[in-house]
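For the sequence shown, position 48 matches number 68 in the numbering used here, and the numbering has no gaps at all.
Don't be surprised by glycine CBs; every beta carbon is placed ideally from N, CA and C.
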Amino acid sequence: GYWLGDLGWGGVKPDGSITGMIGKVARREVHLAIDDISISASREEVVDFSDQYIQIPMSMITPSRKQMPRTFVVFQAFPPEVWALILFSILLSGVTWWIVSYYGNKADLDGAHNPGLTRLLFNIFR
């Protein structure tokens, strides 16, 4: 284990400085703190508290995450590389559908209409 010494729980002082275990976590000097730390508005501004699963007086706190506009919160589900691969897969599947449709219609004897690549790509998002 890691012992911080007798720092106390700490919090945000009126001058803006952050003390105790709360300060260590907020300044990222430690990864987390676990203790019977009460949640307050000023503490919640500088660290994240774990959700309470059972009624025990223990909390786990971690450094506060950077705030992101709610408009883009959906993109936090995956890293940018994964989003790029998802987009590439969608486009590749549209092209693949067009190729299959094009050659399938060429082989078709009743002369069905070829919808075209643009229409197939558009229909992916319908």
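Following the DSSP letters along the chain, one finds I54 inside the beta strand (DSSP E) bounded by residues A53 to D55.
In this structure, L111 is the residue among L111, G124 and Y123 with its C-alpha nearest to the C-alpha of N143. The C-alpha of S62 lies about 30 Å from the C-alpha of F98. In the DSSP assignment, V50 falls outside any alpha helix (DSSP H), carrying neither H nor E. Non-local C-beta neighbours of L105 in its own chain, meaning closer than 6 Å and more than five positions away in sequence, are absent.
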